[in-house]
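These notes concern the structure reproduced below.
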Amino acid sequence: DAETLGWIDTTLGALPDGVPALIAFHQPPVELHHPLPDAGRLEEPERLAGLLDAHPRVVAVLTGHAHTAAASTFAGRPLLVGPAVTWTLRMPWEGAEPADRDQPPGIAFHVLGEDRRLTTHFRVVL
Numbered sequence: 002d003a004e005t006l007g008w009i010d011t012t013l014g015a016l017p018d019g020v021p022a023l024i025a026f027h028q029p030p031v032e033l034h035h036p037l038p039d040a041g042r043l044e045e046p047e048r049l050a051g052l053l054d055a056h057p058r059v060v061a062v063l064t065g066h067a068h069t070a071a072a073s074t075f076a077g078r079p080l081l082v083g084p085a086v087t088w089t090l091r092m093p094w095e096g097a098e099p100a101d102r103d104q105p106p107g108i109a110f111h112v113l114g115e116d117r118r119l120t121t122h123f124r125v126v127l
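Position 7 (the sequence shown) corresponds to 8 in this note's numbering; numbering is contiguous.
So this is what it looks like as structure tokens:
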């Protein structure tokens, strides 16, 4: 909504020059090619994309919600979707039942280097 976008804009604008930023929120702003997470995508992603265009300090966008680790792009930046912490989403070509409850939870560790290079390590939690 407008209030949230305004807060993001103000917060990013208040950062000192040269400080990179990551934006993290719950729902992915792009299609992940599965009807479950795609039905709950971020509303009006073009408004967020426009805001990010005004803030080149934003290196990447991080989200969750989809119950599957995924990588894409959004607003010309990497988009990383964190893995599931409960059940893992089966993609349509993996079978009719969407929830794979036999997979362990996952976690993503993001490292932002001095050169603004984002490296992400994915791990299962046993």
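Built from N, CA and C at the ideal position, the CB exists for glycine as well.
Residue closest to residue i, alpha-carbon to alpha-carbon, out of the options
i	options	result
R37	T74, A71 and A67	According to the sequence displayed, residue 37 carries Leu and not Arg. Measuring from the Cα of L37, the nearest candidate turns out to be A67.
R102	L113, V112 and T89	T89
D2	F123, R48 and L119	R48
P21	E115, F123 and F75	E115
R124	A85, T11 and F75	A85
R117	A100, W94, V59 and T11	V59
D54	R78, D39 and T11	R78
H122	E32, G83, A76 and Q28	G83
L33	M92, T87 and I108	M92
A100	T87, G41, I108 and A109	T87
Any non-hydrogen atom of the ligand GDP closer than 8 Å to residue i Cβ
i	result
G7	You won't find the ligand GDP in this model; it holds no ligand whatsoever.
Paired residues, beta bridge with residue i - DSSP
i	result
L113	L119
I128	Because the chain in this structure spans residues 2 to 127, residue 128 falls outside the shown range and cannot be described.
T64	V82
T89	D101
G14	According to DSSP, which records beta bridges pairwise, G14 is partnered with nothing at all.
Whether residue i touches residue j by CB criterion (9 Å)
i	j	result
L63	I9	no
P46	P30	yes
L23	L80	no
H111	A61	yes
P105	L127	yes
L43	F26	yes
H35	T74	no
A50	A76	yes
Bounding residues of the beta strand (DSSP E) (the contiguous stretch that carries residue i)
i	result
R78	R78 to V82
A72	A71 to F75
A22	A22 to A25
Where the alpha helix (DSSP H) containing residue i begins and where it ends
i	result
L127	Counting along the chain, L127 falls outside any alpha helix (DSSP H), and DSSP gives it neither H nor E.
A40	P36 to A40
A50	P46 to D54
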